[in-house]
DNA sequence: CGATATCTTGATAAGCATCAATGTGAGTGG
DNA sequence: CCACTCACATTGATGCTTATCAAGATATCG
């Protein structure tokens, strides 16, 4: 089910330069690209599974995917949504610590771990770059802990919408149009809520005129100011 | 209120070798130690505050501290408890992203950021080491997201007790004795609960004979097996 | 040994989950 | 091309979990 292809001059032109190479010397960047191949994964298919041997490090080139962890009884926590430029499977562990699943069709750069590890030692500045990227993910994780542990449903959903808008700034024409590629279920598992609560909260925001919903995946932020207030706890609960 | 002292031959002998130096060549380790000074912080005093200019990177040598983030209205999320060997303030940002406060009296190694940054570039293997440490923190953060987003109170508290025991394995004589230096309030803000719920849950575990509580900070795990079951959702809620 | 912060316990209520049913849209095959 | 189907989203009724408010018990420290 999974499509593979080795890298070639053509594919290197087709896709944007590897984010981890940006700013590195050309010869070095070429060396990194030399060990990379690319892989496409269809929407709703897994890239890898929690517990699998962590044979590869990936970088998202196109599309969006989600990372999640499971409890024995099936409860799920989505730990992040990854857009192009993000790395996954970097943790230096024998096995993957979470499952990665494509939300849309996804294109990835794949680096075999053994070769990637060698690159880290041999390419000056690469380890530092990866450190910066990981610190950034850690910061995001800490923000998410604050959200999960201390925010009410309205604040969570408002924060999520603003984060999505932020993430898509400069993509579409309208700054207030947000495209939501993931299902309500995924949003819920990301925010520590249920599908129903996410849906209800969105409906409520729509009724208040804060957002508009033409299709479930197309949201327009009508009142960013109000949304920011809600994200900071201006809506009764917990405030 | 804060005690400062420059590093000296004596203090280098007094404290365990810097964790970030472990395994590095002696000359290199000495070079890292040369830019470090140490700092002690009394219990309940701040090491640094969210938003302060991030002038230093620290490493915990002795004692325990907590990291937390605040919402505008005062709600608090403790993102981690740090024991010796852990780094803080590493994120490459102009300002600290969280507040660090001593729980017990704490001793820290302090590295001025400018010099620390230079070391990262110049000491081979250091960036890689820091990368590994940060990946580990990220893993812990993802585990905590699962806890905050998807576990009930009993599971949270049980998980916390087991993690504390794990962390202290090999310290005291009895493997089942857990010393809890932080207040109920801090535990609550770490687990996304209230002080009252933490207290009630502990009382309940005590009544069931799963733990015993002589003083609030001294807990003995009487039935680790049962505790593990509870941590995995064997207690009605959410299961 | 007394004062104060911390912890524990109790009663009540809010917020969100759960269970159940209906609505809606994308994709499929006749 | 259209009806059909199925997955997904929405809406509603109810109950559980945990927060909140309030008071009392227990530790810790000067």
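Residue numbers (the working numbering), protein chains in the order written: chain A, 1 to 239; chain B, 1 to 239.
From the three backbone atoms N, C-alpha and C, an ideal C-beta is built for every residue, glycine too.
{"Check": "For residue 122 of chain B, which residues in chain A fall below 7 Å Cβ to Cβ?", "Outcome": "Ordered by position in chain A, no residue passes the 7 Å Cβ test against residue 122 of chain B, which lies about 11 Å from the chain."}
{"Check": "Of all the options B:162, B:110, B:208, B:154, which has the alpha carbon lying nearest to the alpha carbon of residue 196 of chain B?", "Outcome": "B:154"}
{"Check": "Which ranges does the alpha helix (DSSP H) cover as unbroken runs of at least 4 residues, wholly within the segment 119–183 of chain A, from first to last along the chain?", "Outcome": "126–150, 153–167"}
{"Check": "Would you mind sorting residue 171 of chain A into buried or exposed? The rule is 16 or more other CB atoms within 10 Å of its CB.", "Outcome": "exposed"}
{"Check": "For residue 66 of chain B, decide whether its Cβ has a neighbour in chain A, counting only Cβ atoms nearer than 8 Å.", "Outcome": "no"}
{"Check": "Could you check what DSSP says for residue 206 of chain B in three-state terms: helix, strand or coil?", "Outcome": "helix"}
{"Check": "The beta strand (DSSP E) with residue 110 of chain A in it runs from where to where?", "Outcome": "106–112"}
{"Check": "Are the C-beta atoms of residue 89 of chain B and some chain A residue less than 8 Å apart?", "Outcome": "no"}
{"Check": "How many whole angstroms separate the CB atoms of residue 41 of chain A and residue 106 of chain A, which I take to be in contact at a CB cut-off of 8 Å?", "Outcome": "5 Å"}
{"Check": "Quick one: does residue 127 of chain B have its CB under 8 Å from some CB of chain A?", "Outcome": "yes"}
{"Check": "Is the Cβ-Cβ distance between residue 125 of chain B and residue 18 of chain B less than 8 Å?", "Outcome": "no"}
{"Check": "Hey, residue 176 of chain B and residue 66 of chain B: beta-carbon distance below 8 Å or not?", "Outcome": "no"}
{"Check": "Could you pull the start and end residues of the beta strand (DSSP E) that residue 69 of chain A belongs to?", "Outcome": "65–70"}
{"Check": "Looking at C-alpha atoms only, which residue of A:114, A:101, A:221, A:214 is the closest neighbour of residue 45 of chain A?", "Outcome": "A:101"}
{"Check": "If I follow the unbroken alpha helix (DSSP H) through residue 230 of chain A, where does it start and stop?", "Outcome": "224–231"}
{"Check": "Alpha carbon to alpha carbon, how far is residue 68 of chain A from residue 22 of chain B? Give it in angstroms, no decimals.", "Outcome": "33 Å"}
{"Check": "Of the choices A:230, A:182, A:148, whose alpha-carbon is the least far from that of residue 191 of chain A?", "Outcome": "A:148"}
{"Check": "Chain B partners of residue 97 of chain A, CB-CB under 8 Å?", "Outcome": "139, 142"}
{"Check": "For residue 99 of chain B, which three-state DSSP category applies?", "Outcome": "strand"}
{"Check": "Please list the partners that residue 77 of chain A has in chain B, where partner means a Cβ-to-Cβ separation under 7 Å.", "Outcome": "145, 146, 149, 150"}
{"Check": "Chain A partners of residue 233 of chain B, CB-CB under 9 Å?", "Outcome": "71, 72, 73, 75"}
{"Check": "Would you kindly work out how many angstroms separate the C-alpha atoms of residue 183 of chain B and residue 99 of chain B, rounded to a whole number?", "Outcome": "17 Å"}
{"Check": "For residue 83 of chain A, which three-state DSSP category applies?", "Outcome": "coil"}
{"Check": "Do residue 95 of chain A and residue 51 of chain A have their CB atoms nearer than 8 Å?", "Outcome": "yes"}
{"Check": "In the DSSP assignment, find the unbroken alpha helix (DSSP H) run with residue 31 of chain B in it and report its ends.", "Outcome": "26–35"}
{"Check": "Just grab the DSSP bridge partners of residue 218 of chain B for me.", "Outcome": "B:179, B:215"}
{"Check": "Chain B partners of residue 132 of chain A, CB-CB under 8 Å?", "Outcome": "92"}
{"Check": "If we count the other Cβ atoms within 10 Å of its Cβ and call it buried at 16 or more, is residue 74 of chain A buried or exposed?", "Outcome": "exposed"}
{"Check": "Expressed to the nearest angstrom, what Euclidean distance is found between the alpha-carbon atoms of residue 189 of chain B and residue 28 of chain A?", "Outcome": "46 Å"}
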